[in-house]
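Trainee: Residue numbers (numbering that gives the first Met the number 0): 0 to 466.
Cβ coordinates follow ideal geometry from the N, Cα and C atoms, glycine included.
Note that the structure is predicted; figures quoted are calculated from it, not measured.
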Amino acid sequence: MPILLAGSFSAGQATSGMSSLQANGSPQVPAQVKAQLTASVPQGKASGAVMQLGLLQALEMGLHNNLGIILSGYGMESARAARLRSLTDLLPNVKTQTTWTSQQVNLAAFGLNVPGIPQIVGPFHVFDARAFATEEVDLNRLSKYRASSESERAASLSAEDTRELVVLAVGDLYLQAIADGSRVETAQAQLNTATALYNQAADMKRAGTVAAIDVLRAQVEMQAEQQRLLAAQNQFSKSRLVLARAIGLPQAQQFELAEKLPYRPAPPVTLELALARAYGLRRDYRAAQALVASAEHSRRAAERERLPGVEVNANYGDLGTSPTHSHGTYTAQAGVNIPVFQGGKVRADVEAADAELRQRKAEAENLRAQIEFEIRNAMLDIETSAQQVQVAEQAVGLARDALQQSRDRFAAGVATGVEVVQAQQAVATAEENYISSLNDHNVAKLLLARAVGEGETQVRNYLKGSQ
């Protein structure tokens, strides 16, 4: 079984359910991807200066420091070691041995008492310097080597796919931090408006034009906006901490997001073109195909256990009483090993290999269908979220106009503070809807880049969209 990715995470696991949805139907990067790829190995120390962190810089740091990338490299090394072990079974084993023996023998100890022959023989010396070579020609071993080579290729592709997933995870965290930063700005603006309304109500009460209840309503709304601002600031700080954790930035390092990523339409792409590109680019799909090929070779190796093998042994060296009094000698031997009865082992191995082959084929077919699902799902999310952005943008303008009219009516004494508070809450709701829909649109484009297999190379083009 090849090791695709060290640890408990694999690209195939993260791919399953890639285009998951929130409860409200918004596009969302799967929680499993976030959980597995928000760990990193921090590099460097925090500096006193505030760092300006752009999207591409965050992605580059994530691809270098993220723990998923590091572990996938170890998994690839393990697969390479397994291939080298299989290669060892195909190559000849060669060794050298040099011996020098000095011996004196007591023949009487062996019961040899022959008159005329000395009972003590020797000392005599034997020198032997020799090279030994052993080679076994076995088609079973050849198939095992080919299977391990395909497993290594699958591990390499899986490591490349992990890079795509890191881009997806880091990009989503960056977008989430942008959205949370926008919520802080919105909450601050709402607090400023609520404070102005409170001051206006207080002035009007002193002038005797409004009741005290209107001042209390304005004060309650102002305090509610203060609470909302504090919560938004806390969430924004946490979002930046999670982003820093995923890209290996020291937790104490202060940084600001250098990009805002306003609304841009997604780059035009047809379903047919996206599918064609995805089937050729998706590393997890190519890794699944490599695992199918590996399983086919493993099954062939099991079938070839029935075949005979040829074994060759040879040695050559100098044999004599000393290095200067020796002569070249050699031995060459060849034999054929023919399996006769192995107690059903071959049949069991074939059935096990055949089951694994069917499993790998099913996984590859499922992944192919999953890719189409992800692309279709991302395209639907892009289309819907784009419409939601436009509607939300109009709603923000209308809500702000309504708030201004309510303030004017309140100042003229023809409306109560209730109308102003409701109008202000409508503005807050409209702005939150705009922030959420814009974030959904960007996440949907990020998911489409992943679904096509172009996350690492084209993520910025997808997010920037068509101008």
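Between which two residues does the beta strand (DSSP E) containing residue 129 stretch?
Mentor: Counting from 1 along the sequence shown, the entry for residue 129 is found at position 130. It spans 119-136 - the beta strand (DSSP E) in which residue 129 sits, taken as one unbroken run.
Trainee: Are the Cβ atoms of residue 213 and residue 412 separated by less than 8 angstroms?
Mentor: Within the sequence shown, residue 213 is the residue found at index 214, counting from 1. Within the sequence shown, residue 412 is the residue found at index 413, counting from 1. Going by C-beta atoms, residue 213 is not nearer than 8 angstroms to residue 412.
Trainee: Give every residue of the same chain whose Cβ lies closer than 8 angstroms to the Cβ of residue 43, excluding the five residues on either side of it in the sequence, and list them in chain order.
Mentor: Residue 43 sits at position 44 when you count from the first residue of the sequence shown. Correct list, in chain order: 249.
Trainee: Which ranges does the beta strand (DSSP E) cover as unbroken runs of at least 3 residues, wholly within the region 236-264, from first to last along the chain?
Mentor: The region 236-264 contains, as complete beta strand (DSSP E) runs of 3+ residues, the segments 254-256 (chain order).
Trainee: Report the option in 439, 431, 138 and 398 whose CA atom is closest to the CA atom of residue 419.
Mentor: To locate residue 419, count along the sequence shown from 1; it is residue 420. For residue 419, the nearest C-alpha among the options comes from 398.
Trainee: Check residue 20 in the structure and name its three-state DSSP category.
Mentor: Residue 20 sits at position 21 when you count from the first residue of the sequence shown. Residue placement at residue 20 is flagged as unreliable, the pLDDT there being 47, under the threshold of 50; the coordinate-derived value follows with that caveat. Of the three classes helix, strand and coil, the one that applies to residue 20 here is strand, per DSSP.
Trainee: Using only the alpha-carbon positions, how far apart do residue 287 and residue 297 sit?
Mentor: Indexing the sequence shown from 1 puts residue 287 at position 288. Indexing the sequence shown from 1 puts residue 297 at position 298. Straight-line measurement puts the Cα of residue 297 at about 15 angstroms from the Cα of residue 287.
Trainee: Would you identify the three-state DSSP class for residue 314, choosing helix, strand or coil?
Mentor: Residue mapping note: residue 314 aligns to position 315 of the sequence shown, counting from 1. In the structure shown, residue 314 sits in a strand (DSSP, three-state: E or B).
Trainee: Taking only three categories from DSSP, how would you classify residue 388?
Mentor: Locating residue 388 in the sequence shown gives position 389, counting from the first residue. The answer is helix: DSSP assigns residue 388 an H, G or I state.
Trainee: Can you check DSSP and say which residues form a bridge with residue 39?
Mentor: Taking the sequence shown and counting its residues from 1, the one referred to as residue 39 is at position 40. For residue 39, which the question treats as bridged, DSSP gives the partners 65.
Trainee: Expressed to the nearest angstrom, what Euclidean distance is found between the alpha-carbon atoms of residue 152 and residue 425?
Mentor: For the purposes of this step, residue 152 is identified with residue 153 of the sequence shown, where counting begins at 1. For the purposes of this step, residue 425 is identified with residue 426 of the sequence shown, where counting begins at 1. If I take the Cα positions, the gap works out to 56 angstroms.
Trainee: Whole angstroms are fine: how far does the CA of residue 371 sit from the CA of residue 150?
Mentor: Taking the first residue of the sequence shown as 1, we reach residue 150 at position 151. Taking the first residue of the sequence shown as 1, we reach residue 371 at position 372. Distance between the alpha carbons of residue 150 and residue 371: 25 angstroms.
Trainee: Using DSSP bridges, identify the partner residues of residue 329.
Mentor: The count along the sequence shown starts at 1 and reaches residue 329 at position 330. Answer is 315, bridged to residue 329.
Trainee: Return the chain-ordered ranges of every beta strand (DSSP E) run that is complete within the region 169-236 and spans a minimum of 3 residues.
Mentor: none
Trainee: Give the secondary structure of residue 0 by DSSP, where H, G and I count as helix, E and B as strand, and everything else as coil.
Mentor: Position 1 of the sequence shown, counted from the start, is the residue given in the question as residue 0. Model confidence at residue 0 stands at a pLDDT of 37, short of 50, so the residue's coordinates are unreliable; what they give is reported in the following sentence. Residue state, collapsed to three classes: coil.
Trainee: Pick from 385, 402 and 140: whose alpha carbon is nearest that of residue 196?
Mentor: In the sequence shown, the residue the question calls residue 196 occupies position 197. Answer by Cα proximity: 402.
Trainee: Under the three-state reduction of DSSP, which class applies to residue 103: helix, strand or coil?
Mentor: Reading the sequence shown from its first residue, position 104 is the one you call residue 103. DSSP places residue 103 in strand when its eight states are reduced to three.
Trainee: Going straight from the alpha carbon of residue 427 to that of residue 387, what length do you get?
Mentor: On the sequence shown, residue 427 is found 428 positions in, with the first residue counted as 1. On the sequence shown, residue 387 is found 388 positions in, with the first residue counted as 1. In a straight line, the C-alpha of residue 427 is about 16 angstroms away from that of residue 387.
Trainee: In this structure, how does DSSP classify residue 33 when only helix, strand and coil are distinguished?
Mentor: Position 34 of the sequence shown holds residue 33. DSSP places residue 33 in helix when its eight states are reduced to three.
Trainee: Pull up the CB-CB distance for residue 438 and residue 178, whole angstroms please, since I reckon it's below 8 angstroms.
Mentor: Taking the first residue of the sequence shown as position 1, residue 438 is located at position 439. Taking the first residue of the sequence shown as position 1, residue 178 is located at position 179. Correct: roughly 4 angstroms between the Cβ atoms.
Trainee: Below 8 angstroms on the Cβ atoms is my contact criterion, and I expect residue 39 with residue 245 to pass it. Report the Cβ-Cβ distance as a whole number of Å.
Mentor: Counted from its first residue, the sequence shown places residue 39 at position 40. Counted from its first residue, the sequence shown places residue 245 at position 246. At roughly 6 angstroms, the Cβ-Cβ gap stays under 8 angstroms, so residue 39 and residue 245 are in contact.
Trainee: Using the Cβ count rule (16 or more neighbours within 10 Å means buried), how would you classify residue 137?
Mentor: Mapped onto the sequence shown, residue 137 falls at position 138. With 16 or more Cβ atoms within 10 Å of its Cβ, residue 137 is classed as buried.
Trainee: Express the C-alpha separation of residue 45 and residue 183 in angstroms, rounding to a whole number.
Mentor: In the sequence shown, residue 183 corresponds to position 184, counting from 1. In the sequence shown, residue 45 corresponds to position 46, counting from 1. Each residue's alpha carbon lies about 25 angstroms from the other.
Trainee: Should the region 213-223 be called in touch with the region 258-266, which here means at least 3 C-beta pairs below 8 angstroms?
Mentor: no
Trainee: Which residue's Cα is closest to the Cα of residue 360: 346, 321, 290 and 407?
Mentor: One-based indexing of the sequence shown puts residue 360 at position 361. Checked all of 346, 321, 290 and 407; the closest Cα to residue 360 is 290.
Trainee: Do the region 344-359 and the region 158-171 make contact, defined as three or more Cβ pairs closer than 8 angstroms?
Mentor: Flag = no, the region 344-359 and the region 158-171 do not touch.
Trainee: Would you mind sorting residue 144 into buried or exposed? The rule is 16 or more other CB atoms within 10 Å of its CB.
Mentor: Position 145 of the sequence shown, counting from 1, holds the residue named residue 144. Buried, since its Cβ has 16 or more Cβ neighbours within 10 Å.
Trainee: Determine, using beta-carbon pairs with one atom in the region 300-316 and one in the region 332-340, whether at least three such pairs fall under 8 angstroms.
Mentor: yes
Trainee: Do residue 117 and residue 102 count as a contact pair if the criterion is CB distance below 8 angstroms?
Mentor: Residue mapping note: residue 102 aligns to position 103 of the sequence shown, counting from 1. Residue mapping note: residue 117 aligns to position 118 of the sequence shown, counting from 1. In this structure, residue 117 does not lie closer than 8 angstroms to residue 102 by Cβ.
Trainee: With DSSP as the reference, identify every bridge partner of residue 52, one or two as the case may be.
Mentor: Walking along the sequence shown from the start, residue 52 turns up at place 53. Residue 52 pairs with 256.
Trainee: Which stretch, first to last residue, makes up the alpha helix (DSSP H) that contains residue 444?
Mentor: Against the sequence shown, residue 444 aligns to sequence position 445. 416-451 is the extent of the alpha helix (DSSP H) around residue 444.
Trainee: From what residue to what residue does the alpha helix (DSSP H) around residue 288 run?
Mentor: Taking the first residue of the sequence shown as 1, we reach residue 288 at position 289. 282-302 is the span of the alpha helix (DSSP H), which, as asked, contains residue 288.
Trainee: Give the DSSP-derived three-state secondary structure of residue 308 in the structure shown.
Mentor: Within the sequence shown, the letter at position 309 stands for residue 308. The answer is strand: DSSP assigns residue 308 an E or B state.
Trainee: I need the DSSP call for residue 358, collapsed to helix, strand or coil.
Mentor: Here residue 358 is taken as the residue at index 359 of the sequence shown, counted from 1. Note: residue 358 maps to helix in three-state DSSP.
Trainee: Indicate whether residue 285 and residue 156 have their beta-carbon atoms separated by less than 8 angstroms.
Mentor: As a working mapping, residue 285 is identified with position 286 in the sequence shown. As a working mapping, residue 156 is identified with position 157 in the sequence shown. Result yes, Cβ atoms of residue 285 and residue 156 sit closer than 8 angstroms.
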